[in-house]
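Written out below as structure tokens is the structure these notes cover.
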Amino acid sequence: MAAFFGLFRRDLSLALRQGGDTGLVLGFFVLAVVLFPFGVGPETDILRRIGAGVVWVAALLAALLSLDRLFEADYQGGELDLLALSDLPLELAVLAKCAAHWVATGLPLALISPLLALLVDLGPAAIATLFASLLVGTPALSLIGSVAAALSLGARRQSVVLSLLVLPLYIPPLIFGAGAVEVSETGDGARAYLLVLGAISLAALAFCPWASAAALRQALE
Amino acid sequence: MVFAGLSFRLPAGGALLLTGSNGSGKTSLLRILATLIMPTGGRLFWGLAPVEGDAAAYRAQLDLVGHQDGIKPGLTPRETLMFWAALRGIEPRRSPGLVEAALTAFALDLVADWPCHWLSAGQRRRTALARLVAAPASVWLLDEPASALDDENQSRLERIIAEHRAAGGRVVVASHTPIELGFATSVALDAFAPLPDDAATG
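Top to bottom, those sequences are chains A and B. 1 is the number of the first residue of the first sequence in my numbering; add one for each residue after it. 1 is the number of the first residue of the second sequence in my numbering; add one for each residue after it.
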């Protein structure tokens, strides 16, 4: 357990330090959402219609931005060899890294989303649902992303390969995340969407560490 | 295939020095010994038991310092060593003492709390090597350990390896620069390059 938390703490402190991922991801997220009103014009009706989708797509892209470093830095630096040699099973090492990735990127994205929701003129119910959907859905982004990051390890132009692999897999969380916000404006059907989103995250939690660890073993050969 | 027909035994306190030209398979052999890659042919035993029988128990005895330093520019040497000690399952009570001893052994006290991107190549190398002291293991696999080290620090490393062996530890060193190990079995991998025919079939 000490090894698990040691790895989690190390990845987290690397992400939070100056020049780490958290600042970069949040900056990108805010800018991406702020750009939309400039592009589609300031009519609040249109913004409110597309707002949830815009925030969710921006969150996906922001999470994607930090994924290529998830294993790549450890792979290049030789730490991945040592992780594979340690007592900590590679599956748990993946889980520790995903947990740190989520705390450093997914969680801040969810926390800042209510502010951005104001920019696209969402109502109070929609803002609450957006926050909840990001909180429940972003773990899936880190976990699914870890599989793609492990598979694309060592590929030339890794970040491009990674985007092509991971973006199609992000469609289910996107549909249910943005969908939850949309129905929350008209009634109280959001709960079902959030539950499905939570199910996606749980399924990713059960499946992705194994898949990522298998891909990492392949990369180390 | 880069080498074939190689066989050796490493007793407690023993040292194996791998030499050979670039590409002769020094790093590959170290990675085979670390169970990171599987040999095309041949077997690896720990005592009398084949390693694949209980790979986890064998790995727990190992420490590998590859030719990459495994250091994050944003962390300090102390944080790096604390992390590796935790990862190797050192009890939290013991690790500060071990890390302190490791920093002293490789004369890193002054830079212990600097971020690693301020360090020179030799200081980074010493931080990587300090892992051996911070998270003790009985078999050390060292890939070009003396690269980037000056004479003083190389003799420091040689002394630490000698102490490790005196305590019954084993060490395998791959190096193309001379390193003083004393009573080491030396294997020149160039002599084990497969014949052209073998290479075609292997």
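Positions of the beta carbon are idealized from the N, C-alpha and C atoms, including for glycine. On a predicted model such as this, the values are computed, not experimentally measured, just so you know.
- Assignment of V173 of chain B by DSSP, reduced to helix, strand and coil, places it in the strand class.
- DSSP, read as helix, strand or coil, puts A12 of chain B in coil.
- Assigned with DSSP and collapsed to three states, V196 of chain A falls in helix.
- For D81 of chain A, the C-beta contacts it makes with chain B under 7 angstroms involve L36, L64, G66, in order along the chain.
- For Y75 of chain A and D81 of chain A, the gap between their C-alpha atoms comes out near 8 angstroms.
- For W140 of chain B, no alpha helix (DSSP H) encloses it; the enclosing beta strand (DSSP E) starts and ends at 139-143.
- Every alpha helix (DSSP H) stretch that sits fully inside the stretch 73-139 of chain A and reaches 4 residues is listed by chain position as 79-85, 90-101, 107-119.
- In this structure, the beta-carbon distance from A134 of chain B to L157 of chain B does not fall below 8 angstroms.
- Looking at the backbone, the Cα of G187 of chain A and that of S159 of chain A are separated by about 40 angstroms.
- Around the beta-carbon of R43 of chain B, fewer than 16 other beta-carbon atoms lie within 10 Å, marking it exposed.
- In this structure, C116 of chain B sits away from P145 of chain B, with a CB-CB distance that is not shorter than 8 angstroms.
- Comparing alpha carbon positions, the residue from B:W118, B:R125, B:L87 closest to L103 of chain B is B:R125.
- The alpha-carbon separation between L174 of chain A and V196 of chain A amounts to approximately 11 angstroms.
- Under the three-state reduction of DSSP output, D188 of chain A falls in the coil class, being neither helix nor strand.
- Take C208 of chain A, set aside five residues on each side of it, and the residues of its chain with a beta-carbon closer than 7 angstroms to its own are L143, I144, S146, V147, in chain order.
- Contact with chain A is absent for L108 of chain B, since none of that chain's Cβ atoms lies less than 8 angstroms from the residue's Cβ.
- Around the beta carbon of L88 of chain A, 16 or more other beta carbons lie within 10 angstroms, which makes this residue buried.
- Looking at the DSSP output, T185 of chain B sits in a beta bridge with B:L16.
- Contact between L189 of chain B and G25 of chain B is confirmed by a C-beta separation of about 5 angstroms, below the 8 angstroms threshold.
- Within 8 angstroms of the CB of P92 of chain B, the CB atoms of chain A belong to A2, in sequence order along the chain.
- Between F83 of chain B and chain A, the shortest Cβ-Cβ separation is below 8 angstroms.
- Between the stretch 92-112 of chain A and the stretch 166-186 of chain A, the count of C-beta pairs closer than 8 angstroms stays below three; the two stretches do not touch.
- Residue burial is scored here from C-beta neighbours: T44 of chain A has fewer than 16 other C-beta atoms within 10 angstroms and is therefore classed as exposed.
- Between S113 of chain A and V55 of chain A, the C-beta spacing is below 8 angstroms.
- Bounds of any beta strand (DSSP E) do not take in D11 of chain A; it lies within the alpha helix (DSSP H) bounded by 2-16.
- Residue-level contact by beta carbon fails for A59 of chain A and chain B, as no gap is shorter than 8 angstroms.
- With fewer than 16 neighbouring CB atoms inside 10 Å of its own CB, A12 of chain B falls in the exposed class.
- When the beta-carbon positions are compared, I37 of chain B and E221 of chain A come within less than 8 angstroms of each other.
- Taking a 10 Å sphere around the C-beta of E180 of chain B, we find fewer than 16 other C-beta atoms and assign the residue as exposed.
- Around the beta carbon of Q61 of chain B, a 10 Å sphere encloses fewer than 16 other beta carbons of the protein chains shown; the residue is thus reported as exposed.
- Among the residues facing chain A, K72 of chain B is included, as its CB has a counterpart in that chain under 8 angstroms away.
- Counting along the chain, D63 of chain B sits inside the beta strand (DSSP E) bounded by residues 62-65.
- In this chain, the alpha helix (DSSP H) harbouring R165 of chain B covers 151-166.
- Any Cβ of chain A closer than 8 angstroms to the Cβ of R125 of chain B would place that residue at the interface, and such an atom is absent.
- The beta carbon of E43 of chain A sits no closer than 8 angstroms to any beta carbon of chain B.
- Neighbours of L75 of chain B in chain A, taken as residues at a C-beta separation under 8 angstroms, are given in chain order as R10, S13, L14.
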